[in-house]
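Novice: With the numbering used here applied, the sequence shown covers 1 to 114.
The beta-carbon is built from N, C-alpha and C at its ideal position, and this holds for glycine as well.
I'd like to ask some things about the structure below.
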Amino acid sequence: MTKAVLYVCADRGTLMPDLAATRAEEEGRAYADRRDLTITEVITDPYGDPDPARRTGWQRVRELAQQGGIEAVVVRWPTVIAPGNAAQHETLWLSDHGVRVHYSWPPLTSGGDT
1 MTKAVLYVCA DRGTLMPDLA ATRAEEEGRA YADRRDLTIT EVITDPYGDP DPARRTGWQR
61 VRELAQQGGI EAVVVRWPTV IAPGNAAQHE TLWLSDHGVR VHYSWPPLTS GGDT
């Protein structure tokens, strides 16, 4: 089994503030189960800061990658990591450290992962 972390950074709605994060976690866990990924840690960040370098949760993901503690990161979609090209930069950085990024959102899962 592949050691993975589930990274959740979801917008908080006004009527049901935890719904998006709960769905993202459930979806990520189901995705991991189908692909024999072992979720060793769920890492969360509050939604809103586009710069992953300023999010403590994302810094934890990078720390685990640098230490060799994980082989994969499961996120819902690329913009969870960062907007635009910044997500690609982070994905490449993780790849350079032997960590593969998996997207759990169903429309992205059929096309393969990075």
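Take Thr109 as the anchor and find which of Ala65, Gln59, Arg35, Asp51 has the nearest alpha-carbon.
Specialist: The residue labelled residue 109 in the question sits at position 109 within the sequence shown. Considering only alpha carbons, the answer is Arg35.
Novice: Between Gln66 and the rest of its own chain, which residues show a CB-CB distance below 8 Å, the 5 nearest in sequence each way excluded?
Specialist: The residue given as residue 66 occupies position 66 in the sequence shown. Correct list, in chain order: His97.
Novice: Spatial neighbours of Gly111 within its chain, please: C-beta separation below 6 Å, excluding the five flanking residues on both sides.
Specialist: Residue numbering aside, residue 111 sits at position 111 when the sequence shown is read from its first letter. Legend: pLDDT at Gly111 = 47, less than 50; position of this residue unreliable, value from coordinates given subsequently. Closer than 6 Å at the Cβ level, and outside the excluded window around Gly111, lies no residue.
Novice: For the alpha helix (DSSP H) holding Gly99, just list the boundary residues, first then last.
Specialist: In the sequence shown, the residue the question calls residue 99 occupies position 99. The sequence given here places Val at residue 99; Gly does not occur at that position. Looking at the DSSP string, Val99 is not in any alpha helix (DSSP H), and its letter there is neither H nor E.
Novice: Grab the span of the alpha helix (DSSP H) containing Tyr31 for me, first residue to last.
Specialist: Looking up residue 31 in the sequence shown gives position 31. 19-34 is the extent of the alpha helix (DSSP H) around Tyr31.
Novice: Using the rule of at least 16 other Cβ atoms within 10 Å of the residue's Cβ for burial, across every protein chain shown, is Trp58 buried or exposed?
Specialist: As a working note, residue 58 is residue 58 in the sequence shown. It counts as buried.
Novice: Quick one: give me the first and last residue of the beta strand (DSSP E) that Glu71 is part of.
Specialist: Within the sequence shown, residue 71 is the residue found at index 71, counting from 1. First-last for Glu71: undefined, no H or E at that position.
Novice: Count the other CB atoms within 10 Å of the CB of Leu6; is the residue buried (16 or more) or exposed (fewer)?
Specialist: Position 6 of the sequence shown, counted from the start, is the residue given in the question as residue 6. Under this definition Leu6 is a buried residue.
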